[in-house]
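Asks: Sharing a structure, written as structure tokens. Questions coming.
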Amino acid sequence: SRAKELTIHGKVYQTDSWTNVPSTILESVSRKLHQQDNHPISITRKLIESRFPGYRHHNEFFPVVTVGQNFDSLGFPVDHPGRSRTDTYYINKDTVLRTHTSAHQADVFRANTSAGFTISADVYRRDAIDRSHYPVFHQMEGAMTWDRNTVPEGKTLAQQIWEDVEKLPKPDIVVEDPNPTTHPERNPLQTPHTQEEAEAVAAHLKRSLENVVVEIFSKAKEAAAASTVDEIRNQAQSQEPLKVRWIEAYFPFTSPSWELEIFWQGDWLEVLGCGVISQPLLDNADAPSKIGWAFGIGLERIAMLLYEIPDIRLFWSKDSRFLSQFDEKKIRRFAPFSKYPAAPRDVAFWLPKSAPQDEVVTSTASNTSTSPSPAGGLASEAAAPALAFHENDIMEIVRSAAGDSVEDVTLVDEFTHPKTGRRSLCYRINYRSLESTLTKEQANDMHEKIRGELVSKFGVELR
Ligand code: PHE
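Everything in the sequence shown is counted per UniProt numbering, starting at 25 for the first residue and increasing by one.
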């Protein structure tokens with residue numbers, strides 16, 4: 025039997041026979057990935073926002089909305105499949121988890137605080153399971169409007185909009201746009217609009233979004249060019265010019281409507297939906313004198329492409345091996361890590377009596393290959409008979425004994441015996457394969473081999 029009430033962020037909702045939202049989904053309501061510093065979803069959001077200067081950016085809207093906000097305000101017919109309980113998470117008959125950021129359009133038009141705005145938020149849909157679909161994802165809505173009543177005398181509304189089009193940067197990409205702006209059957213002009221007005225709004229919309237695409241791809245290319253993986257770097261250098269295309273689409277709340285597709289790794293990838301805002305929507309939002317455009321873009325898709333993140337589930341990871349890779353100051357290609365469990369084993373030993381006890385050279389794993397530390401140089405160049413033990417020595421032994429089955433090696437303890445003056449080190453070797461779960465025996469075998477080599481090659485005394 026179902027609970028009669030649901031509490032979401034301190035708000036209590038009555039449940040009923042429509043309720044179909046599981047607790048696992050409700051748990052993600054608190055995550056707010058689009059607001060989390062240095063999370064790839066949040067970095068992607070900011071990157072797109074940067075292409076809309078002067079717009080107001082809303083990032084705080086609550087995910088529980090009314091059926092009226094999510095569907096009715098946008099002109100969804102009563103029998104639209106999007107309304108069904110198989111597609112949408114219902115809290116109760118009148119309340120849903122928003123299925124798109126468009127749910128807030130009418131409210132923001134009604135509030136009338138800025139001509140242009142974006143809304144970024146988590147959205148919820150019951151959907152298939154695969155590497156690019158997850159029941160919770162993030163969208164950014166964008167909209168721009170012009171008010172007929174404030175056009176200066178002697179100018180038409182269309183002229184005013186074209187002037188604004190000219191102020192936008194000219195995107196440097198190849199654009200395919202084979203269809204006329206409007207088509208009587210496939211993509212109709214709305215009755216209150218003139219053809220000139222629709223043309224001007226469409227031009228402003230398309231150029232604004234083409235600029236977003238250019239921004240994203242120049243960042244993606246930069247990230248690839250800076251990669252330490254030769255293949256990725258070469259690919260970035262040999263990339264053909266960026267190609268996008270506009271195709272006709274249908275949404276209940278825009279007309280004419282389009283989708284933008286990007287040619288990416290040999291395929292056309294759909295990245296956003298958009299169009300000229302339907303006039304009844306603006307009329308019902310107390311903005312009957314306005315005309316404008318709106319778009320909705322999926323942030324995961326863009327982030328996956330920007331960072332080459334292979335699986336949408338990774339965005340929900342709390343693993344520092346994922347989160348630590350992202351920094352909003354610099355976009356770097358994502359480096360995959362294993363999803364199989366770790367098998368940590370410690371090895372503790374006394375350094376050999378002959379080695380200098382006070383010159384153990386340690387360095388962190390992250391700067392071993394790309395930026396050799398001065399200490400690293402010293403150790404390998406030293407020709408003295410009693411070599412200081414260098415951390416890279418154990419790294420080398422681990423690499424040759426266990427190959428890629430070790431994720432990292434860290435010094436977890438070190439001390440000097442107060443009487444003998446001998447030094448003891450303890451390293452944690454984290455066994456983890458990229459391809460399979462390692463058995464206990466496999467990890468133990470590799471570990472035994474490494475222990476043996478530490479003794480035979482460096483004369484340490486195992487503890
Ligand atoms: N809300 C639409 C979707 O989720 C996208 C969209 C937004 C289309 C705004 C047109 C205008 O698919």
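Cβ coordinates follow ideal geometry from the N, Cα and C atoms, glycine included.
1) Buried or exposed: which applies to THR252, given that a residue is buried once 16 or more other Cβ atoms fall within 10 Å of its Cβ?
2) TRP270 and ASP201 - do their beta-carbons sit closer together than 7 Å?
3) According to DSSP, is TRP288 helix, strand or coil?
4) Candidates TYR451, ASP96 and ASN116: which alpha carbon is nearest GLN38's?
5) For VAL300, count the other beta carbons within 10 Å of its own beta carbon; 16 or more makes it buried, fewer makes it exposed. Which is it?
6) Out of ALA249, ASP307 and ALA250, which has the shortest C-alpha to C-alpha gap to PRO216?
7) Alpha carbon to alpha carbon, how far is HIS162 from PRO64? Give it in angstroms, no decimals.
8) If I follow the unbroken beta strand (DSSP E) through ASP171, where does it start and stop?
9) For ALA127, is the beta carbon positioned less than 6 Å from some heavy atom of the ligand PHE?
10) Since GLY320 and THR125 are thought to touch, with beta carbons under 8 Å apart, how far apart are those beta carbons, to the nearest angstrom?
11) Work out the CA separation of LEU347 and ASN416 for me, nearest whole Å.
12) Classify residue 488: buried if its beta carbon has 16 or more other beta carbons within 10 angstroms, exposed otherwise.
13) With H, G and I counted as helix, E and B as strand and the rest as coil, what does DSSP make of ASN94?
14) With distance defined between alpha-carbon atoms, name the residue in GLY78, THR110, THR180 and ALA127 nearest to GLY140.
15) Which runs of the beta strand (DSSP E) fall wholly inside the segment 190-239 and span at least 3 residues, in chain order?
16) Measuring only from the beta carbon, is GLY92 closer than 6 Å to any heavy atom that is part of the ligand PHE?
17) Just tell me which of PRO376, THR48, GLY178 and THR218 has its CA closest to the CA of THR440.
18) What do you reckon, is the C-beta of THR206 under 6 Å from a heavy atom of the ligand PHE?
19) Is the segment 244-251 in contact with the segment 329-341, if contact means three or more CB pairs nearer than 8 Å?
20) Taking the continuous alpha helix (DSSP H) assigned at TYR331, which residues delimit it?
21) Quickly, what does DSSP pair GLN38 with across the bridge? List them, please.
22) With distances taken from CA atoms, which of ALA367, HIS471 and GLY92 is nearest THR123?
Replies: Taking the coordinates as given:
1) By the C-beta density criterion, THR252 is exposed, having fewer than 16 other C-beta atoms within 10 angstroms.
2) yes
3) strand
4) ASN116
5) buried
6) Closest in alpha carbon position to PRO216, among ALA249, ASP307 and ALA250, is ASP307.
7) 11 Å
8) 160-171
9) In this structure, ALA127 has its beta carbon at no less than 6 Å from each heavy atom of the ligand PHE.
10) 6 Å
11) Cα-Cα distance, rounded: 27 Å.
12) An answer regarding residue 488 cannot be provided, because it is not within the stretch 25 to 487 covered by the chain.
13) helix
14) GLY78
15) 198-200
16) For GLY92, the distance from the CB to the nearest heavy atom of the ligand PHE is not below 6 Å.
17) Of the listed residues, the one whose Cα sits closest to THR440 is PRO376.
18) no
19) Enough Cβ pairs lie closer than 8 Å, so yes.
20) 323-331
21) GLU29
22) GLY92
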